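Colleague: In my numbering, the protein residues as written are 1486 to 1941. In this text, a Cβ means the ideal position worked out from N, Cα and C, and glycines have one as well. Predicted, not measured: the structure shown is a model, and the values here were computed from it. Okay, here's the structure, questions in a sec.
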Amino acid sequence: MTKSSVFKKYNVPGPRYTSYPTVPYWTTTPTETQWVDCVREALREAAQRSIGAAMYVHIPFCESLCTYCGCNTRITRNRKVGTPYVDTVIREWKLYFDKLGGSGKIPLGELHLGGGTPTFLEPEELERLINGLMAFSTRTPEAEFSLEADPRVTTEAHLQTLARLGFTRLSLGIQDFDPKVQEAVHRVQSIEQVARSTEQARAHGYKSVNYDLIYGLPFQNEQSIERTVAAVRDLRPDRIAFYSYAHVPWIKPGQRRFTEADLPGGDQKRALYELGRSMLEEAGYREIGMDHFALESDSLWTASRDGSLHRNFMGYTSRQVSPLIGLGVSAIGDSWTAFAQNEKVLETYQARVEKGELPILRGHVLDEEDRVIRRHILNLMTSLKTDWNDASLAVPYLDVVPEKLAELERDGLVCLSKSSCEVTEEGRPFLRNICMAFDARLARLSPSTRIFSQTI
Ligand code: SF4
């Protein structure tokens, strides 16, 4: 089979598996008490391993809407919204602190500001936010603080303030440098803006800079990808995420600015990825898991070598820090045994925190099968192999997995035994399809559906 026909055969939408079960299959929302108990237990285990918790803080505000965006955002130019939002997030963390009822401050091994646009907040507001959160937390010696930033609104004062507060990792949204593509996706930013933020971050001691790129955007072609990746290569970020664009105009009406005819389809889209990948590899970047690249000097690459690579709602991380506590509107927490997502409407989120409630909207308490399958999907996503030789990693559903993957094995994408699965280098682009074979909840919903014709 040619590369192109293999791609055509397995080119179907599938989950990114930043969680298992994936969000549409969550069925059992934890009560506040259950969730707090799960977090407390995970904190106890984290203390035994001296790793601390991870904290994700969602800042939803953006000045304008990028049409490819899949995040929970509030588009506004009104800067007055920042201060009350910071107050609510600090109050939410205080609620956790009180309800967990521990004797001391909560150790953090990771803190990540995401959005939205964290640097929509003024530097002083960010400082108040971090100081407010740290009033109930301590940093573990290995702690890493990171943020996502939009180069169009990020100033040196933002980067300097956060560096002073211990932030050492920066992730910049780039997507594409081509003016026509930028116009179509409503995100116009120059190479100079990105270069400036990168240089300022390095000057203030940030030790890792990540760029997010997207392939499959409207009007992208081989020339535009070549120019974008060449510019990225010259700026030399430590990490690069190279995501596939998802066209869902019925969910994101902003995507009606262009039509499907403007999008690179099928083979062409894959060719854009292959081109970007080969340029990055030539420039010394190593492919990690799915859609990610890193320099050999970056801890993500080291983690992928020594088996400590982890994946959560924020993508790949260099170690497993647990529990993940999500603060802010729509933020998701993960204790490994349960997920909890906050209210997605800003006003509802704020009102519930004001009332003294953890603002949980929905979630899922994992049963035993979920936890086992989750481990296998995480193994595949991070080290491209898994096995269930050990009884503690076997559940009855896994008996059908080799059969579900038989066709992928014939196509050279996996190597199978009765109780193991290893992804070949040719199979790496099809990691989602392979994980879908392990997805018991997906299979139960539509047992007759073959994994390569499944759509989500
Ligand atoms: S700046 Fe980021 S979060 Fe805001 S709309 Fe654009 S992509 Fe979405």
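Return the Cβ separation of Ile1919 and Leu1893 in integer angstroms, given the expectation that the two are a contact with Cβ distance under 8 Å.
Modeller: So it is a contact: roughly 7 Å between Cβ atoms.
Colleague: Across the region 1579-1597 and the region 1610-1624, are there enough close Cβ pairs to call them in contact, namely three or more that are closer than 8 Å?
Modeller: Counting Cβ pairs under 8 Å, three or more are found: they touch.
Colleague: Which same chain residues end up closer than 8 Å to His1643 when comparing Cβ atoms and leaving out the 5 residues on each side of it in sequence?
Modeller: So the qualifying residues of the chain are Thr1604, Pro1608, Leu1611, Ala1634.
Colleague: Quick one: what's got a C-beta closer than 7 Å to Cys1523's C-beta in the same chain, skipping five residues either side?
Modeller: Within the same chain, Cys1523 has close Cβ partners Pro1515, Ser1820, Thr1822, Ala1823.
Colleague: Measuring CB atoms only, is the region 1787-1805 touching the region 1857-1876, in the sense that at least three cross pairs come out at less than 8 Å?
Modeller: Judged by Cβ distances under 8 Å, the region 1787-1805 makes contact with the region 1857-1876, as three or more pairs qualify.
Colleague: Fully enclosed by the region 1659-1722, which alpha helix (DSSP H) runs are 4 residues long or longer?
Modeller: Qualifying alpha helix (DSSP H) stretches, in chain order: 1664-1669, 1676-1688, 1707-1720.
Colleague: Spatial neighbours of Arg1935 within its chain, please: C-beta separation below 6 Å, excluding the five flanking residues on both sides.
Modeller: Note that Arg1935 scores a pLDDT of 45, beneath 50, so its modelled location is shaky; the value from the coordinates is reported in the next line. Cβ within range, chain order: n/a, list empty.
Colleague: Ends of the beta strand (DSSP E) at Gln1826?
Modeller: Segment 1823-1827, the beta strand (DSSP E) holding Gln1826.
Colleague: When you compare only the Cα positions, how much space is there between Leu1846 and Val1830?
Modeller: Looking at the two C-alpha atoms, the distance is approximately 10 Å.
Colleague: Would you mind giving the Cβ-Cβ distance between Ile1699 and Gln1660, rounded to the nearest angstrom? I have them listed as a contact below 8 Å.
Modeller: Yes, they are in contact, since the Cβ atoms of Ile1699 and Gln1660 sit about 5 Å apart, within 8 Å.
Colleague: Between which two residues does the beta strand (DSSP E) carrying Leu1898 extend?
Modeller: Segment: none, Leu1898 is in no beta strand (DSSP E) and carries neither H nor E.
Colleague: By the three-class DSSP mapping on this structure, what secondary structure does Ser1622 have?
Modeller: Strand, per DSSP.
Colleague: What do you reckon, is the C-beta of Cys1547 under 7 Å from a heavy atom of ligand 1?
Modeller: It does: the Cβ of Cys1547 is within 7 Å (strictly closer) of some heavy atom of ligand 1.
Colleague: Between the alpha carbons of Glu1751 and Leu1585, how many angstroms are there, rounded?
Modeller: First, the amino acid is wrong: residue 1751 is Gly here, not Glu. The alpha-carbon atoms of Gly1751 and Leu1585 are separated by roughly 50 Å.
Colleague: Enumerate, from N- to C-terminal direction, the unbroken beta strand (DSSP E) stretches of 3 or more residues contained entirely within the region 1758-1782.
Modeller: List check, beta strand (DSSP E) in window: 1770-1773, 1777-1780.
Colleague: Since I believe Arg1771 is in contact with Glu1781 (beta carbons under 8 Å), could you give me their beta-carbon distance rounded to a whole number of angstroms?
Modeller: At roughly 6 Å, the Cβ-Cβ gap stays under 8 Å, so Glu1781 and Arg1771 are in contact.
Colleague: Starting from Ala1539, follow its DSSP beta bridges and name the residues at the other end.
Modeller: Paired residue(s): Glu1595, Leu1809.
Colleague: Taking C-alpha atoms, which residue in Asp1747, Gly1601, Asp1697, Glu1677 lies nearest to Ala1669?
Modeller: Taking only the C-alpha atoms, the option nearest Ala1669 is Asp1747.
Colleague: Under a three-way DSSP split, which group does Thr1934 fall into?
Modeller: In this prediction, Thr1934 has a pLDDT of 46, which is less than 50 and means its spatial position is unreliable; what the coordinates show is noted afterwards. Of the three classes helix, strand and coil, the one that applies to Thr1934 here is coil, per DSSP.
Colleague: Within 10 Å of its beta-carbon, does Val1521 have 16 or more other beta-carbons around it, so buried, or fewer, so exposed?
Modeller: Classification of Val1521: buried, given that the 10 Å Cβ count is 16 or more.
Colleague: Keeping to the same chain, check which residues put their C-beta closer than 6 Å to that of Val1880; ignore five residues upstream and five downstream.
Modeller: These residues qualify, in order along the chain: Glu1854, Val1857.
Colleague: I need the boundaries of the alpha helix (DSSP H) containing Glu1839, first residue and last residue.
Modeller: Segment 1831-1839, the alpha helix (DSSP H) holding Glu1839.
Colleague: Would you mind reading off the limits of the beta strand (DSSP E) that contains Asp1747?
Modeller: From DSSP, Asp1747 is part of no beta strand (DSSP E); its letter is neither H nor E.
Colleague: Quick one: grab the DSSP three-state call for Lys1584.
Modeller: Correct three-state label for Lys1584: helix.
Colleague: Would you call the CB atoms of Phe1662 and Ile1725 closer than 8 Å?
Modeller: No, these two residues do not count as a Cβ contact at 8 Å.
Colleague: Tell me whether Asp1635 counts as near ligand 1, meaning its Cβ is closer than 7 Å to at least one heavy atom of that ligand.
Modeller: Asp1635: yes, Cβ under 7 Å from ligand 1.
Colleague: DSSP on Asn1950, reduced to helix/strand/coil?
Modeller: The chain is shown only over 1486 to 1941; residue 1950 falls outside these bounds and no answer can be derived.
Colleague: Return yes when at least one heavy atom of ligand 1 lies under 7 Å from the C-beta of Thr1602, else no.
Modeller: The answer is yes for Thr1602.
Colleague: Thinking just about the alpha-carbon of each residue, which of Leu1930, Cys1906, Phe1915 is nearest to the one in Tyr1502?
Modeller: Tyr1502 has its Cα closest to that of Phe1915, out of Leu1930, Cys1906, Phe1915.
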